[in-house]
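Here's the structure we're looking at; comments come further down.
Number of protein chains: 2
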Amino acid sequence: MPDLKAICLLSGGLDSATVLAIAKADGCEVITLTVHYGQLHAKEIESAKTIARYYDVENIYVEVPFQWGGSALTDKTIELPKDRDEATMAQDIPVSYVPARNTVFLSLAASVAEARGAERIYIGANAVDYSGYPDCRPEYFDAFQKMIQQGTKSGVGGCGVQITTPLIHLTKAQIIEKGLRLKVPYELTWSCYAGTETPCQACDACILRAKGFKTLGIQDPLLKLPHVKS
Amino acid sequence: MPDLKAICLLSGGLDSATVLAIAKADGCEVITLTVHYGQLHAKEIESAKTIARYYDVENIYVEVPFQWGGSALTDKTIELPKDRDEATMAQDIPVSYVPARNTVFLSLAASVAEARGAERIYIGANAVDYSGYPDCRPEYFDAFQKMIQQGTKSGVGGCGVQITTPLIHLTKAQIIEKGLRLKVPYELTWSCYAGTETPCQACDACILRAKGFKTLGIQDPLLKLPHVKS
């Protein structure tokens with residue numbers, strides 16, 4: 039029996055799939071948590087469910103539509119930027135930022151963790167690529183850790199739940215390298231922001247993913263699939 | 039035009055109705071946020087919607103069933119304690135504690151606040167009565183404030199949103215006194231944990247509410263209603 043129980047936030051993207059593999063490699067019994075926050079397409083949700091089945095782990099699925107908008111990912115009137123280079127991406131917080139998204143995700147994960155007696159929460163946040171998101175920085179996770187320690191029964195009366203961010207300081211290429219070593223099925227993951235049938239290869243998420251595979255000199259297995267145009 | 043915009047968490051109970059009145063008296067333009075977290079009855083939700091209509095304020099309604107349980111309020115197999123005195127209530131964290139509930143509520147409120155450009159979040163938490171809940175203590179709200187400052191665009195780039203807890207140090211009687219001065223329609227509020235037609239008057243919430251009115255020598259207007267047995 040594994041010694042530790044962990045809640046793993048699973049969006050269906052490359053990062054969260056890698057984190058799930060890391061949590062398993064760490065010896066945890068994993069429960070995945072997937073949140074539909076009202077993103078305009080459900081492709082990554084389908085991927086999340088497929089990945090959970092692949093790893094034969096429980097998947098708790100929650101729908102919390104962020105009907106209040108405030109992001110290009112939840113409001114179709116806000117246009118997603120295309121074909122940006124990394125220097126431009128790093129200049130400011132992008133319109134794909136979703137207000138307090140990681141805070142809502144981690145809060146739900148903390149609730150599940152306490153109800154199910156889990157000691158850890160794994161989240162695939164990354165401060166290197168996409169450093170524009172305030173809720174992907176180590177300072178934020180430190181503050182969340184302190185808050186949840188104060189705000190839960192297990193935090194006040196015991197050790198509490200530990201927020202674990204194994205990708206926080208890795209580049210996309212390093213994440214993929216780590217994942218490939220753990221045999222993560224990247225062909226099942228979905229990173230693209232657009233709801234197109236195949237990855238648009240123009241949004242920030244596609245560009246960063248492509249750069250990661252290119253750095254390693256490897257073709258993205260998702261793009262090798264017969265139904266996906268490369 | 040009001041100078042400030044505020045998100046007010048509105049459960050439908052006595053405390054949150056008072057806080058809504060305080061936010062209005064503070065000169066805020068108020069948007070209320072009501073979260074159905076899978077509590078076993080919807081009486082307080084109906085009250086929240088009625089109170090929002092009474093004050094003619096927008097009510098954002100979110101359903102996030104805490105399907106993972108961990109509380110007598112979300113899991114019918116856990117029995118609610120009855121007829122406890124306050125000394126007994128104060129001994130430990132009660133089974134009505136819902137894992138990370140205020141954290142989930144405040145996170146959603148922070149998301150709405152950022153999307154709608156609100157400067158404040160009002161929450162009717164109270165550390166005097168029900169001090170057993172870890173997420174009702176000032177230390178917790180301080181930690182949440184620091185976390186949300188780090189984790190939002192408005193927090194990193196500007197003043198962020200201010201968590202406002204005007205009832206935190208008040209007794210139930212003081213809360214009611216304040217509310218009556220502001221003409222809060224307490225007959226529209228619902229505090230009872232049970233899903234019975236009329237307040238059970240045996241659960242912790244009923245007992246604390248009754249004590250508050252009794253201390254002031256006033257009859258609870260909810261119990262004066264013709265359809266409610268007193």
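Residue numbers (the working numbering), protein chains in the order written: chain D, 39 to 268; chain F, 39 to 268. Idealized CB from N, CA, C, for every residue including glycine. Keep in mind the model is a prediction, meaning the values are calculated, not measured.
Original post:
Using 8 Å as the limit for Cβ to Cβ distance, is residue 242 of chain F near chain D?
Top reply: no
Original post:
Are the beta-carbon atoms of residue 104 of chain D and residue 135 of chain D separated by less than 8 Å?
Top reply: no
Original post:
Who are the neighbours of residue 148 of chain D on chain F, taking C-beta pairs under 9 Å?
Top reply: 137, 138, 141, 142
Original post:
alpha helix (DSSP H) containing residue 244 of chain D: first to last residue?
Top reply: 242 to 254
**OP:** Return no unless some Cβ of chain F is closer than 8 Å to the Cβ of residue 251 of chain D.
**Re:** no
Original post:
In this structure, does DSSP put residue 67 of chain F in helix, strand or coil?
Top reply: strand
**OP:** Below 8 Å on the Cβ atoms is my guess for residue 170 of chain F versus residue 211 of chain F; work out the distance and round it to an integer in Å.
**Re:** About 19 Å; that fails the 8 Å criterion.
Subject >> Contact between the stretch 209 to 227 of chain F and the stretch 239 to 256 of chain F (3+ Cβ pairs under 8 Å) >> reply: yes
Original post:
At what residues does the beta strand (DSSP E) containing residue 81 of chain D begin and finish?
Top reply: No beta strand (DSSP E) contains residue 81 of chain D, which is instead part of the alpha helix (DSSP H) from 81 to 93.
Subject >> Same chain, Cβ closer than 7 Å to residue 263 of chain F, five either side skipped, listed in chain order >> reply: 225
**OP:** Go ahead and label residue 82 of chain D buried or exposed: buried means 16 or more other beta carbons lie within 10 angstroms of its beta carbon, across all protein chains shown.
**Re:** buried
**OP:** Check whether the stretch 117 to 128 of chain D touches the stretch 177 to 193 of chain F, counting contact only when three or more Cβ pairs, one atom from each stretch, lie closer than 8 Å.
**Re:** no
Original post:
Between the Cα of residue 119 of chain D and the Cα atoms of D:244, D:47, D:175, which residue gives the shortest distance?
Top reply: D:244
Original post:
Any beta-carbon of chain D closer than 8 Å to the one on residue 153 of chain F?
Top reply: yes
**OP:** Taking only the alpha-carbon atoms, compute the straight-line gap between residue 46 of chain F and residue 95 of chain D and give it to the nearest angstrom.
**Re:** 38 Å
Original post:
Helix, strand or coil: which one does DSSP assign to residue 158 of chain F?
Top reply: strand
Subject >> Start and end residues, beta strand (DSSP E) containing residue 101 of chain D >> reply: 96 to 101
Original post:
Can you find a C-beta in chain F that's less than 8 Å from the C-beta of residue 114 of chain D?
Top reply: no
**OP:** Look up residue 267 of chain D in the DSSP assignment and say whether it is helix, strand or coil.
**Re:** Legend: pLDDT at residue 267 of chain D = 49, less than 50; position of this residue unreliable, value from coordinates given subsequently. Residue state, collapsed to three classes: coil.
**OP:** Can you give me the start and stop residues for the alpha helix (DSSP H) that residue 212 of chain D sits inside?
**Re:** 210 to 219
**OP:** Mind reading off the beta-carbon distance from residue 182 of chain F to residue 185 of chain D? Whole number of angstroms is fine, and I expect it under 8 Å.
**Re:** 5 Å
Subject >> Which of helix, strand or coil DSSP assigns to residue 47 of chain F >> reply: strand
Subject >> Residue burial classification, residue 123 of chain F (beta-carbon count within 10 angstroms, cutoff 16) >> reply: exposed
**OP:** Would you kindly report the start and end of the unbroken alpha helix (DSSP H) that includes residue 188 of chain D?
**Re:** 176 to 189
**OP:** Measure from the C-beta of residue 160 of chain D to each C-beta in chain F and report whether the shortest distance is under 8 Å.
**Re:** no
Subject >> Integer-rounded CB distance, given that residue 159 of chain D should sit under 8 Å from residue 199 of chain D >> reply: 6 Å
Original post:
So which residues of chain F does residue 145 of chain D contact, with C-beta pairs closer than 7 Å?
Top reply: 138, 141, 142, 145
Original post:
Closest to residue 90 of chain D by CA distance: which of D:222, D:42, D:164 is it?
Top reply: D:222
Original post:
In chain D, what lies closer than 7 Å to residue 224 of chain F by C-beta?
Top reply: Ordered by position in chain D, no residue passes the 7 Å Cβ test against residue 224 of chain F, which lies about 28 Å from the chain.
**OP:** Report the rounded CA-to-CA distance for residue 166 of chain F versus residue 52 of chain F, giving the unit in angstroms.
**Re:** 15 Å
**OP:** Check whether the stretch 60 to 74 of chain F touches the stretch 227 to 239 of chain F, counting contact only when three or more Cβ pairs, one atom from each stretch, lie closer than 8 Å.
**Re:** no
Original post:
Count the other CB atoms within 10 Å of the CB of residue 201 of chain F; is the residue buried (16 or more) or exposed (fewer)?
Top reply: buried
Original post:
How about residue 83 of chain D: is its C-beta nearer than 8 Å to some C-beta of chain F?
Top reply: no
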